[in-house]
Structure formats: structure tokens, C-alpha cells
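S.K.: Please see the structure below; I have some questions.
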Amino acid sequence: LIKFLEQQWCWIPNWLPSWCPTSQNQLKTHRPLFALDLLGFGLSSRPQFSSDIQKAEDQFVDSIEQWRTKTGLETMILLGHNLGGYLAVAYAIKYPGRVKHMVLVEPWGFPECPDTAEADRPIPVWIKALCAMFSPFNPLAGLRLVGPLGKTWYRSLKPTTNYE
């Protein structure tokens, strides 16, 4: 059983008594148990991740595969929580023959990147000019201009509001 947890204490804590069915000691009696520090978490290294989303995901998945190769495991049961759940699925997609079972606890998910053709369209110059002209102003600018008389002025606009 391999578990990918960024916060190990929140799922299967080491401090639970050995008779507790969810303790790590109980789980270790049936099969080897490994708790991995994912790259950038816990005591693991802090590599420079790619700014490309797919390449960064591949860095995580490839590091898990490198670990599996070094430990000599043929197949494994993956338990992933949050980001660990996301990476467990990404690993299973890339290496389906290596995953015997998978347990996902509140896994993350990310939608596909939206089509940016509309967002990449340049903003017209006249809109930029209007934005620059009105940027120093906000809805409360008039209230600020009247200074100490602002409270009285605001009450005259909204006489039904009780300020006491």
C-alpha cells in the first residue's frame, strides 16, 4: 500500500494505538506500507517545476515511477488524499499495469484549460482610455470628497437606514 498524503497526520496517524483498525501498525501486518513525501512536500527535495502544467504533472508522476523502480515493486495499491489522489490517478493513467487498486480520498481535479482565443483578443484603445480615466475613482469617491459631511449627506440619500 502506497499512500500519497501531504498531511500524513490527518488520515492514518502514527500515534493511534496498535489495536485501532486504522492504525499504520495494523495495516502493515497485511502488506508493506510506504508513505511517500511528494516532491516539494515534507522532507523531500524542492525541484524547480516546469511552468507548463502537463510537464509539471509528468515530473511528479515520473518521480513516483522512479521510486517504484528503486523499491522493486511490480504492482501497488495507491491511496491518495487531495493532491495525492490527483497524482495517483495521473500515475495510473500513465502506468496502468503498475496499479493493482486505488483508494482516493477527496482527490483534486482540474478542468481542461479553456480556449484562450477570445481572451487573447486585444482590448480596443478607447476602452483602455476610459479605464485609465476612471481608474482613480470608485463608488465611494463622492463620499470621500465631502469629507466630514459625508455621514449627513449619506443619511439624506438613505433616510430609512438606522445608524444608532
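Sequential numbering from 1 applies to the sequence shown in full-length UniProt numbering.
Cβ coordinates follow ideal geometry from the N, Cα and C atoms, glycine included.
What does the alpha-carbon distance come out to for the pair residue 78 and residue 102?
M.R.: The residue labelled residue 78 in the question sits at position 78 within the sequence shown. The residue labelled residue 102 in the question sits at position 102 within the sequence shown. About 5 Å.
S.K.: Assuming residue 84 and residue 38 form a contact by the criterion Cβ under 8 Å, report the distance between their Cβ atoms to the nearest whole angstrom.
M.R.: Along the sequence shown, read from residue 1 onward, the residue named residue 84 stands at position 84. Along the sequence shown, read from residue 1 onward, the residue named residue 38 stands at position 38. Yes, residue 84 and residue 38 are in contact; Cβ-Cβ is about 7 Å, under 8 Å.
S.K.: Check for me: the alpha helix (DSSP H) holding residue 77 runs from which residue to which?
M.R.: Counting from 1 along the sequence shown, the entry for residue 77 is found at position 77. First-last for residue 77: 76-81, but that is the beta strand (DSSP E), not the alpha helix (DSSP H).
S.K.: Using DSSP with H/G/I as helix, E/B as strand and the rest coil, what is residue 34?
M.R.: Taking the sequence shown and counting its residues from 1, one reaches residue 34 at position 34. Residue state, collapsed to three classes: strand.
S.K.: To the nearest angstrom, how far is it from the Cα of residue 60 to the Cα of residue 87?
M.R.: The residue labelled residue 60 in the question sits at position 60 within the sequence shown. The residue labelled residue 87 in the question sits at position 87 within the sequence shown. Approximately 7 Å, taken between the alpha carbons.
S.K.: In this structure, how does DSSP classify residue 103 when only helix, strand and coil are distinguished?
M.R.: Here residue 103 refers to the residue found at position 103 when the sequence shown is read from its first residue. Reduced to three states, the DSSP call for residue 103 is strand.
S.K.: For residue 125 and residue 131, I'd like the C-alpha separation in whole angstroms.
M.R.: The sequence position of residue 125 within the sequence shown is 125, counting from 1. The sequence position of residue 131 within the sequence shown is 131, counting from 1. Residue 125 and residue 131: Cα-Cα distance of roughly 10 Å.
S.K.: According to the neighbour-count rule (16 or more other Cβ atoms, all chains shown, within 10 Å of its Cβ), is residue 42 buried or exposed?
M.R.: Position 42 of the sequence shown, counted from the start, is the residue given in the question as residue 42. Exposed, since its Cβ has fewer than 16 Cβ neighbours within 10 Å.
S.K.: Could you compute how far the alpha carbon of residue 96 sits from the alpha carbon of residue 129?
M.R.: Sequence index remark: in the sequence shown, residue 96 carries index 96 (1-based). Sequence index remark: in the sequence shown, residue 129 carries index 129 (1-based). C-alpha separation (whole angstroms): 55 Å.
S.K.: When you compare only the Cα positions, how much space is there between residue 106 and residue 80?
M.R.: Numbered from its first residue, the sequence shown carries residue 106 at position 106. Numbered from its first residue, the sequence shown carries residue 80 at position 80. Looking at the two C-alpha atoms, the distance is approximately 8 Å.
S.K.: Give the secondary structure of residue 156 by DSSP, where H, G and I count as helix, E and B as strand, and everything else as coil.
M.R.: As a position in the sequence shown, residue 156 is number 156, starting the count at 1. In this structure, residue 156 counts as helix in the three-state DSSP scheme.
S.K.: Around the C-beta of residue 146, are 16 or more other C-beta atoms found within 10 angstroms, so that it is buried, or is it exposed?
M.R.: The residue given as residue 146 occupies position 146 in the sequence shown. That one is exposed.
S.K.: Compute the Euclidean distance between the alpha carbons of residue 82 and residue 36, then round it to the nearest angstrom.
M.R.: Taking the sequence shown and counting its residues from 1, one reaches residue 82 at position 82. Taking the sequence shown and counting its residues from 1, one reaches residue 36 at position 36. When rounded, the distance between both Cα atoms is 14 Å.
S.K.: Which residues mark the beginning and the end of the alpha helix (DSSP H) in which residue 113 is found?
M.R.: Your numbering for residue 113 matches position 113 in the sequence shown. No alpha helix (DSSP H) contains residue 113, which DSSP labels as neither H nor E.
S.K.: By the DSSP assignment, the alpha helix (DSSP H) with residue 66 in it spans what residues?
M.R.: Residue 66 sits at position 66 when you count from the first residue of the sequence shown. Here the alpha helix (DSSP H) through residue 66 covers 53-71.
S.K.: On a Cα-Cα basis, can you pick out the residue from 46, 157, 141 and 98 that is closest to residue 76?
M.R.: As a working note, residue 76 is residue 76 in the sequence shown. Out of 46, 157, 141 and 98, 98 has the C-alpha closest to the C-alpha of residue 76.
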